[in-house]
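Under the working numbering, the first residue of the sequence shown is numbered 6, with each subsequent residue one higher.
All C-beta atoms, glycine included, are put in the ideal place defined by N, C-alpha and C.
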Amino acid sequence: MSKVSSLFKKKFIPIYICFILTILLYGVIFLLARFPNILFGLGIPEEFVTHFVKIIPGPLWSDILLLYLIPLGVYIGMQYLSPYSTRFYMRLHKSFYVLRKKPIYGINPNKGHISTGKIFLRLLKGSFLSFVIATGIMQFGLTPVFRQITGDPGMAITLFRAEAIFLATFFFSFLIVIIYFPIWNLEDAGLIAYRKFTRKRKNPDIEGVNRIFRDFIEYSISFSTILVYFNLFFNTLTWVINYDPSGASLLIPLILIFLPFLIPGLYAIPMIFYEMNFDKNMKRIHKHLEEKDIPYINVPDFHDLIEEKQPSE
6 MSKVSSLFKK KFIPIYICFI LTILLYGVIF LLARFPNILF GLGIPEEFVT HFVKIIPGPL
66 WSDILLLYLI PLGVYIGMQY LSPYSTRFYM RLHKSFYVLR KKPIYGINPN KGHISTGKIF
126 LRLLKGSFLS FVIATGIMQF GLTPVFRQIT GDPGMAITLF RAEAIFLATF FFSFLIVIIY
186 FPIWNLEDAG LIAYRKFTRK RKNPDIEGVN RIFRDFIEYS ISFSTILVYF NLFFNTLTWV
246 INYDPSGASL LIPLILIFLP FLIPGLYAIP MIFYEMNFDK NMKRIHKHLE EKDIPYINVP
306 DFHDLIEEKQ PSE
């Protein structure tokens with residue numbers, strides 16, 4: 006199957022949907038910037054047009070272009086380093102067993118396909134990672150770094166902080182490629198850690214090397230997301246009660262709730278390239294691991310492990 010025809014596989018549907026949603030979002034922003042009175046006078050702040058993400062130099066259109074190009078550039082670099090990052094994470098995994106029996110590593114190649122649902126989960130988890138990082142950064146008073154503020158913000162600083170979270174989430178999308186893609190390489194390469202205890206009353210331990218890193222990130226994201234949304238709703242509700250009786254500010258948390266579903270469009274192209282070049286990339290990783298004397302192993306099915314009971318004499 007050619008690479009062009011592979012683009013029509015069912016597994017790419019979530020990527021295309023997220024990409025289209027992001028394009029539509031930017032299209033609406035462009036439209037409201039060009040015709041501020043088109044939607045009942047609901048325009049966007051002038052600062053969004055002149056700066057958009059303040060930390061990125063240039064106006065709205067160039068910022069949006071860079072928000073697509075930066076993750077793609079990072080992906081190219083990360084793919085080149087993928088054999089070495091896989092080896093690095095394997096050594097890091099081994100360091101967790103300083104005072105315990107160290108595991109033996111092997112390659113159990115994944116020969117199956119990846120499901121549409123799994124790709125969607127990968128997209129979503131990456132988006133929440135970017136959202137949590139952006140929200141955490143805002144706690145250090147870095148709102149003016151991402152949201153252009155002219156004059157004294159006064160009591161509107163709460164609103165500006167929410168807008169800064171919106172913008173910073175877009176900006177930090179490249180971190181998804183840096184943090185998550187190497188972990189996906191670990192999983193897809195089938196790198197396994199194996200420990201068997203013959204003299205201790207302990208069960209054998211067989212797990213993917215990616216698991217400890219994946220679980221740490223996902224548990225952190227889950228807990229942080231709950232705290233972020235709780236804090237966001239509380240601050241917005243306080244703002245509405247004290248300064249915005251109309252309740253219009255309640256739209257802020259609603260927008261931020263759906264924001265993680267829009268972020269995947271920014272790294273949709275790297276995700277497509279990752280899947281299209283999957284076999285080639287896995288060969289590079291496996292070749293590097295072979296050179297480091299990491300053997301291939303075959304994890305048997307459960308029924309092959311069943312020990313037949315010997316007939317009694």
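Beta-carbon to beta-carbon, Leu26 and Phe266 are separated by about 7 Å, close enough to satisfy the 8 Å threshold. Pairing Ile69 with Tyr31, the inter-Cα distance amounts to about 8 Å. When only Cα atoms are considered, Val245 and Ile226 end up about 28 Å apart.
Its Cα nearest to that of Glu168, the residue Leu264 stands out among Pro108, Val182 and Leu264. A contact is defined here as three or more CB-CB pairs under 8 Å, and the region 96-112 meets this definition with respect to the region 194-209. Counting along the chain, Asp193 sits inside the alpha helix (DSSP H) bounded by residues Phe179 to Ala194.
Counting of Cβ neighbours within 10 angstroms places Leu232 among the exposed residues, the total staying below 16. Here Arg152 is buried. Its C-beta has 16 or more other C-beta atoms within 10 Å. Assigned with DSSP and collapsed to three states, Gly131 falls in helix. Non-local C-beta neighbours of Phe24 in its own chain, meaning closer than 7 Å and more than five positions away in sequence, comprise Gly270 and Ala273, ordered along the chain. Shown here for Lys106: same chain residues with a beta carbon closer than 8 Å to its own, the five before and five after excluded, namely Arg200 and Phe202 in chain order.
In the structure shown, Tyr102 falls within a coil segment according to DSSP collapsed to helix, strand and coil. Comparing alpha-carbon positions, the option among Ser120, Ser87 and Leu74 lying closest to Lys14 turns out to be Ser120.
Beta-bridge partners assigned by DSSP to Tyr110: Ala198. In this chain, the beta strand (DSSP E) harbouring Ile211 covers Asp210 to Gly213.
Closest in alpha carbon position to Glu296, among Pro19, Phe57, Pro88 and Phe17, is Pro88. Rounded to whole angstroms, Ile112 and Tyr234 show a C-alpha spacing of 40 Å.
Contact between the region 173-189 and the region 74-83 is present: 3 or more CB-CB pairs across the two stretches fall below 8 Å.
Relative to the Cα of Phe57, the nearest Cα in the group Ser10, Gly131 and Val150 belongs to Val150. Under DSSP, Tyr301 takes part in a beta bridge, and its partners are Ile112. Excluding the 5 residues flanking it on each side, Ile61 has same chain C-beta neighbours closer than 6 Å at Asp68 and Leu71, in chain order.
The beta-carbon distance between Ile20 and Leu128, rounded to whole angstroms, is 7 Å. This is short enough to meet the 8 Å contact definition. For Glu312, the secondary structure class from DSSP, reduced to helix, strand or coil, is coil. Sequence-distant Cβ neighbours of Asn215 in its own chain, meaning closer than 6 Å and more than five residues away, are Ile188, Leu191 and Glu192.
Apart from sequence neighbours up to five positions away, the residues of its chain that approach Thr148 with a beta-carbon distance below 6 Å are Phe165, Arg166 and Ala169, ordered along the chain. Relative to Asp210, the option among Pro300, Pro108, Leu237 and Asn286 whose CA is nearest is Pro108.
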